[in-house]
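A.B. asks:
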Amino acid sequence: MSTVATYPSFSGRLAWFSNPTLARFMRHKLAVLGVVMITLLVLACVFGPYLLHYTDLSIDIRNRFSPPLTGNHYLGTDALGRDTAARLLNAGRISLTVGFFAMLISTLIGTLIGVVAGYYRGWIGAALMRFVDAFLSFPSVFLVLVLAAFIKPSPTMITLIIAVTSWMEISRIVEAEIRSLRERDFTLAARMVGASHRWIMFRELVPNAIGPIIVAATLTIANAILLEAYISFLGYGIQPPLPSWGNMLNAAQQYLGNAPWLAIIPGLAITLAVTSFNFIGDGLRDALDGRSDLK
Amino acid sequence: MSQCDDSEKGNSLFNPTRRQALAMAVIGAAGVMLPLGRPSQAFAAAKAAAAGQVIIGLSQEPTVFNPHMPHIEVDEGIHWNIFDPLFGISPSGEFTPALAVEVPTVANGGISADGLQWKVKLREGVKWHDGTPFTAEDVKYTLELIVNPEFRSGRRAGHDLVRDITVVSPTEIHWRMEKSYAPYASILSWTFMVPKHVLSAAADVNNAPFNNAPIGTGPFKWASRVAGDHIQLKANPDYYGTLAQIDSVIFKYIPDLTVLYTQFKTGDIDVTAMQGITPDHYEEAKGLAERTVVVLPVATVESVALNLERPQFKDPAVRKALYLAIDKKTIIDELYYGLVLPTETYMPQQSAYYNPNLPKQGFNIDEANKILDQAGWKPGAGGIREKDGVRLSFTNSTTAGNQIREQAQQFMQQTWLAIGVEMKISNLPPAVMWGDYWMQSKFDSAVVGINFLTGADPDTRDYFGSTSTSAKGGAGQNTMQYSNAKVDELLAQGASLQDVAQRKAVYLQVQEIIRDDLPMLPLFQYTYLRGYKSQLKGFAGNINLRIEPWNVNTWSWA
Amino acid sequence: MPQYILNRLGQSAVVLVLVSLIGFIVLNLAPGGPMSQFALNPGMSQAELDRIAEQMGLKRPLMVQYFEWFTRLFIGDWGHSFRDGRPVLSVIAGHLPATLLLMGTATVLSVIVGTWVGVLGAVRRYSVFDTLATVGAMVALSIPTFWFGLVAIFLFSLHLGWLPAGNMYTIGDRSLGDYATHLILPVAVLALVNVAIWSRYMRSATLDVIDQDFVRTARAKGLPYRRVLTHHVIRNALLPMITLAGLQIPTILGGALVTETVFTWPGMGRLFLDSLGYSDYPVIMGILMFSAILVLLGNLLADLLVGVADPRVRLG
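Chains as they are written, first to last, in the UniProt record's numbering: chain A, 1 to 295; chain B, 1 to 558; chain C, 1 to 316.
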């Protein structure tokens, strides 16, 4: 959503990892906050379930709809009397994993298409970029829903569906980046010493475009988490009994009047995770942008 | 989509000589006698002009207004108010004359003794909403349209047997049946007559203007539609039957049940029809001032359908153990707030053919474990039982998004795990679930709500007959692939018998065998929760139909 | 310029063909289909389902179906809805006003608020207001729209009872006030995200302008600050926003879809979701094509407008 910005390019590998960048990032308070929040969230999702009194699947129907802080149910129970805290953390594992892998796949697709289009240009580049335009010209929500409504839902499928509909932004960024990089001296030098196209593309150009890719990837995770939540909320995504933040919201919708906490808690979790990734992405953009200087 | 989106189906063989005996009592909320609705009624004494309006909330949108094109149940709410059949069916299962002067029977000479010759006398002086007189030509046109290969007909079964339609006079029509087909009377009771002069003038009947501005003979006329929002009907002052007292009927589409309920509470809508009130709102809804909430039994039965060709389900001991390990009481009392009716059979409890003496299921994990132990199913890896290389592990599917059903599913999953059975939940979008996956028996097990009957007839060969499995080349919906020679024999016998008492004995036995074989594990019979403003009089369910607003012409504001 | 427009139109046409192919393939290769909704109707059998599918032309080879559908697009025949048989274009046209009302109100609101917040943030860079606005925008972009809608319904409709929980108007009362009360919640929810996006871009655009020479000159001439701001800074900062507005169409449309589903708003988003539920392929394809055309037109117009507004930009 907020990735329309200009990315500077970097000469020299690993420049993005050098100290000034890190220092700039560390000065970005919100980004650091984002890193801290996401680390805590991941730790909680990984280890939290072992510390709770209940598992996410233990049904206790006599104690359904207990409000938060009832006995050892810190966040209350749902319509089957399952512990909301346990479900929230296990759902976090699924939602974050889906978001992460969707980002990974879409970054791969996006980078690949962007690099090829930017490097070869000509009709290959034009064809690929029209393909990108085609995918960009309907709201990704529409496309995701069309796919999800007619496909047997599983976490893998949902991850793929999200990935397939969110790679376009990255390929646009990469294409623009590569297009300018390929005219630089080091590319010409590599071509002169007889390096293959593949070598130039993936050993010379991509590492130099890694900064913008990382920024876009971070924001893609944020969007992927939102998308998963939305399609699961509509009932087309992750299916119960597997919990995800989105399908917890779906299940909570019917009981909004009587058990509002069931809707409020997972929504807060989603907001927290997505905000963190957006903060990190913003910080990375500033840190990687040589021109920006936070005073 | 809906709790009963997957309801209603059945091709019953039903003998014309005893159709009047099919009694299905309808239980109202407080056991009150429900007023009879629709055409058979005596004329309203006072012909006061209709006034006022009623807003009916629906959670699905009616979109198909030609009653003979493929449609879903919500569309029938409109059909029943705009159109008339030759004769309808009352909540107690009796046919009531509408466009026909009397219901044809063998006794009154309307049907020949062999069931082949039909003679129907039509009401005189009936007019279409555009003023054109209704005649026997319209009936002929309707019956022919349904089987016209050019026409995208929703249902042809039964009508395809009609031959030699003869218009004897504007008020009399005769036809011959290719063979005696007993359920035809039942089918005719929801076959609405459509106007020949309008439809035959259309260039393409499948896309006729009529399909979006229907013209009927019914108590209400089409007024307007705002797609995606609402449909408005106006009282027909020239109706031949009970004149509507409410002038304007609005069917309002509200896709979200929470919003539907909220608007019922605030009074924005007067009646909650299809989907109505969710069970978790029942207690609160009952306490609302000036609102009446009713529990209407419907003929749909919820069950776990088992695909009997799967090796896991071939052993009757497994099916028995699975059934014993369902905590039905908790599912009904807690998840459905005790509002649905526990059952042991596919037959609705209001049917005269219902068998009340079937053994009652009791939740018993120990007994279930014992049965499986004795049958040689030994716990294997992960505590899941197995025998001869078959693990007691299978998937269970239903429409994704049906909240309460999904909860019941997860609850069964837990109790089944306690007897060493692994059930994996794999719910699907409706378009996938009820496509080939269901019709061609590609599922392991499914939670499904089915109306096993057609109208009031007890015949269920389409569901339990061994030749009704699509996956084996049959025509029908025996997707469980159930096959029992004794049941086949009994079902054939039941369809050929004339005497109600004899017939009843047959169907009681069928229910006994099916309760014993357990091709499906019966859970409960559905009820609809419907609410309306207490000043509204005349609202009534009809267990023989698929939707409630079927008799709006008998509604009135106190 | 005409050459440029022709080029762009040509590219757009290629994109539209691709959009239609992607949509068509996805819809038709997926299992299930329009017949499944009738599967449990009384008296239904596989043979009957096959007959209806045949009559609807669904049994023909996919390529044939695609080409027939595609060629008819050019004579303005977008097919007929599987549900009510009406032409797809009029089905879409029937749902468009509701969406436009919602999107329009929300966009106007977010442009006004977003411009104000953005400019103020840029002028008072790193002030408390600026920091709060920046953080607020980031959080607003991170809140799931549908969840925010749910919480709003819970709070203002179920709990407080101040506002309706959904729909566009009350039947029998279609006064302006009635529309307005129904608009408040969905517009607020939809505008939240848009204000966030708009204010952030406005802030950086203003920052770009504010340090430029002509602004300094204007200030040096002794023009009042407010006048400089409105006449020089904002006017120039708004220029890149025209392009942004074009680029934002998919986001706004997507946001409207989500908002409509939560508030049962009778617009295109609702239509899309309903059509998915009933496997109404012609309408789904119609909406995909329609939104693609809208997006492409938006981009094209934005480019042209920038050219008109700023002679320095040479197109082509």
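For every residue, glycine included, the Cβ atom is placed at its ideal position computed from N, Cα and C. Being a predicted model, the structure only gives us computed values, none of them experimental.
Mind checking the stretch 216-234 of chain A against chain B and listing, in chain order, the residues whose C-beta falls within less than 9 Å of any C-beta there?
C.D. replies: Of all residues in the stretch 216-234 of chain A, L234 have a Cβ within less than 9 Å of some Cβ in chain B.
A.B. asks: Can you list the residues of chain A that L257/B reaches, using a CB-CB cut of under 8 Å?
C.D. replies: As a working note, residue 257/B is residue 257 in the second sequence. By Cβ distance, chain A contributes Q254.
A.B. asks: Just the C-alpha distance for R76/C and Q37/C, rounded to the nearest angstrom, thanks.
C.D. replies: Counting from 1 along the third sequence, the entry for residue 76/C is found at position 76. Counting from 1 along the third sequence, the entry for residue 37/C is found at position 37. It is worth fixing the name first, because residue 76/C is Gly in this sequence and not Arg. Those two C-alpha atoms are separated by around 29 Å.
A.B. asks: Verify the CB distance criterion: does D274/C have a CB-CB separation below 8 Å to chain B?
C.D. replies: Along the third sequence, read from residue 1 onward, the residue named residue 274/C stands at position 274. Yes, D274/C counts as interfacial toward chain B.
A.B. asks: Run the CB neighbour count on S58/A, radius 10 Å, all protein chains shown included, and call it buried at 16 or more, exposed below.
C.D. replies: Counting from 1 along the first sequence, the entry for residue 58/A is found at position 58. Burial call: exposed.
A.B. asks: Got a sec: is the Cβ-Cβ distance from F277/A to anything in chain B below 8 Å?
C.D. replies: Taking the first sequence and counting its residues from 1, the one referred to as residue 277/A is at position 277. No, F277/A does not count as interfacial toward chain B.
A.B. asks: Anything in the stretch 56-71 of chain B with a Cβ closer than 7 Å to a Cβ of chain C? List those residues in chain order, please.
C.D. replies: Cβ contacts with chain C: E61, T63, V64 and P70.
A.B. asks: Does any residue of chain C bring its CB to less than 8 Å from the CB of R461/B?
C.D. replies: Translated into positions along the second sequence, residue 461/B becomes position 461. False, the Cβ-Cβ gap to chain C never drops below 8 Å.
A.B. asks: Report the residues of the stretch 32-64 of chain C with a CB closer than 9 Å to any CB of chain B, ordered along the chain.
C.D. replies: Hits within the stretch, in order: G32, G33, P34, M35, S36, Q37, F38, A39, L40, N41, P42, G43, M44, S45, Q46, A47, E48, L49, R51, I52, Q55 and M56.
A.B. asks: Can you grab the Cα-Cα spacing for the pair G538/B / A182/B, in whole Å?
C.D. replies: What you label residue 538/B is simply residue 538 of the second sequence in a count that begins at 1. What you label residue 182/B is simply residue 182 of the second sequence in a count that begins at 1. Using only the alpha carbons, I get a separation of about 33 Å.
A.B. asks: Please name the residues in the stretch 130-142 of chain C whose beta-carbon is closer than 7 Å to at least one beta-carbon of chain A, in chain order.
C.D. replies: Within the stretch 130-142 of chain C, the residues whose Cβ lies closer than 7 Å to some Cβ of chain A are V135, M138, V139, L141 and S142, listed in chain order.
A.B. asks: In whole angstroms, what is the alpha-carbon distance linking A46/B and A558/B?
C.D. replies: Against the second sequence, residue 46/B aligns to sequence position 46. Against the second sequence, residue 558/B aligns to sequence position 558. Reliability fails at A46/B, whose pLDDT of 46 lies under 50, so the model's placement of it is uncertain and the value that follows must be treated cautiously. Whole-angstrom Cα-Cα distance: 16 Å.
A.B. asks: Buried or exposed: where does D286/A fall if 16 or more other Cβ atoms within 10 Å of its Cβ makes it buried?
C.D. replies: Position 286 of the first sequence, counted from the start, is the residue given in the question as residue 286/A. Label assigned to D286/A: buried.
A.B. asks: Quick one: residues in its chain with C-beta nearer than 8 Å to the C-beta of K533/B, no 5 flanking neighbours on either side, listed in chain order?
C.D. replies: Taking the first residue of the second sequence as position 1, residue 533/B is located at position 533. Excluding residues within five positions, the ones whose Cβ falls inside 8 Å are G267, D270, V271, E290, R291 and T292.
A.B. asks: Does D444/B pass the burial test, meaning 16 or more other C-beta atoms within 10 Å, or should it be called exposed?
C.D. replies: Here residue 444/B corresponds to residue number 444 of the second sequence, with the count starting at 1. Result: buried.
A.B. asks: Can you look up T415/B in the DSSP assignment and give me helix, strand or coil?
C.D. replies: Residue 415/B sits at position 415 when you count from the first residue of the second sequence. In this structure, T415/B counts as helix in the three-state DSSP scheme.
A.B. asks: From the DSSP output, read off the bridge partner residues of A100/B.
C.D. replies: Against the second sequence, residue 100/B aligns to sequence position 100. A100/B is bridged to L122/B.
A.B. asks: Ordered along the chain, which non-local residues of its own chain (more than five positions away) have a Cβ less than 8 Å from that of L96/A?
C.D. replies: Stepping through the first sequence from its first residue, residue 96/A is reached at position 96. The residues are L41, V42, C45, I225 and A273.
A.B. asks: Can you give me, in chain order, the residues of the stretch 116-139 of chain A that have a beta carbon less than 8 Å from any beta carbon in chain C?
C.D. replies: From the stretch 116-139 of chain A, only R130, F131, D133, A134, F135, L136, S137, F138 and P139 have a Cβ closer than 8 Å to chain C.
A.B. asks: Please name the residue or residues paired with E422/B in a DSSP beta bridge.
C.D. replies: For the purposes of this step, residue 422/B is taken as the residue at position 422 of the second sequence. For E422/B, which the question treats as bridged, DSSP gives the partners S393/B.
A.B. asks: Give the DSSP-derived three-state secondary structure of E172/B in the structure shown.
C.D. replies: As a first step, residue 172/B is located in the second sequence; it is residue number 172 there, counting from the start. E172/B falls in the strand class under three-state DSSP.
A.B. asks: Below 8 Å on C-beta distance, what does R64/A contact in chain B?
C.D. replies: Translated into positions along the first sequence, residue 64/A becomes position 64. Simply E334.
A.B. asks: Is it buried or exposed for M63/C, if we count other Cβ within 10 angstroms and need 16 for buried?
C.D. replies: Stepping through the third sequence from its first residue, residue 63/C is reached at position 63. Result: exposed.
A.B. asks: With a cut-off of 8 Å, do at least 3 Cβ pairs link the stretch 247-267 of chain C to the stretch 141-159 of chain C?
C.D. replies: Counting Cβ pairs under 8 Å, three or more are found: they touch.
A.B. asks: Determine whether the Cβ of G401/B lies closer than 8 Å to any Cβ atom of chain A.
C.D. replies: The sequence position of residue 401/B within the second sequence is 401, counting from 1. At least one chain A Cβ lies under 8 Å of G401/B.
A.B. asks: Flag S279/C as yes if its beta-carbon sits less than 8 Å from any beta-carbon of chain B, otherwise no.
C.D. replies: Start at 1 with the first residue of the third sequence, and residue 279/C comes out as number 279. Yes - at least one Cβ of chain B is within 8 Å of the one on S279/C.
A.B. asks: Out of curiosity, what's the CA-to-CA distance linking A21/B and F220/B?
C.D. replies: Locating residue 21/B in the second sequence gives position 21, where the first residue counts as 1. Locating residue 220/B in the second sequence gives position 220, where the first residue counts as 1. Bear in mind that the predicted position of A21/B carries a pLDDT of just 31, short of 50, making it unreliable; the figure below should be weighed with that in mind. Approximately 31 Å, taken between the alpha carbons.
A.B. asks: Apart from the five residues just before and just after Y66/C, which ones in its own chain have a Cβ nearer than 7 Å to its Cβ?
C.D. replies: Within the third sequence, numbered from 1, the residue matching residue 66/C stands at position 66. These residues qualify, in order along the chain: F24.
A.B. asks: So Q440/B and L335/B are supposed to be a Cβ contact under 8 Å. How far apart are they, rounded?
C.D. replies: Counting from 1 along the second sequence, the entry for residue 440/B is found at position 440. Counting from 1 along the second sequence, the entry for residue 335/B is found at position 335. The pair is not a contact, with the Cβ atoms about 30 Å apart (cut-off 8 Å).
A.B. asks: For a contact defined as C-beta to C-beta under 9 Å, what are the partners of S291/C on chain A?
C.D. replies: Translated into the one-based positions of the third sequence, residue 291/C becomes position 291. By Cβ distance, chain A contributes S137, F138, P139 and F142.
A.B. asks: In chain order, what are the residue ranges of uninterrupted alpha helix (DSSP H) at least 4 long that sit wholly in the stretch 177-224 of chain C?
C.D. replies: Taking only runs of at least 4 residues, the alpha helix (DSSP H) segments lying wholly in the stretch 177-224 of chain C are 213-220.
A.B. asks: Of all Cβ atoms in chain A, is any one closer than 8 Å to the Cβ of E406/B?
C.D. replies: For this step, residue 406/B is matched to residue 406 along the second sequence. Yes - at least one Cβ of chain A is within 8 Å of the one on E406/B.
A.B. asks: In the DSSP output, which residue or residues are listed as bridge partners for V448/B?
C.D. replies: To locate residue 448/B, count along the second sequence from 1; it is residue 448. Answer is S303/B.
A.B. asks: How about the stretch 83-98 of chain A and the stretch 244-262 of chain A: do they share at least three Cβ pairs that are nearer than 8 Å?
C.D. replies: Touching, yes.
A.B. asks: With a 10 Å radius around its C-beta and 16 neighbouring C-beta atoms as the bar for buried, classify V108/C as buried or exposed.
C.D. replies: Reading the third sequence from its first residue, position 108 is the one you call residue 108/C. The residue in question, V108/C, is exposed, as its Cβ has fewer than 16 Cβ neighbours within 10 Å.
A.B. asks: Which residue from E302/B, E309/B and K378/B puts its Cα closest to that of P342/B?
C.D. replies: If you number the second sequence from 1, residue 342/B lands on position 342. Of E302/B, E309/B and K378/B, the residue nearest in Cα terms is E302/B.
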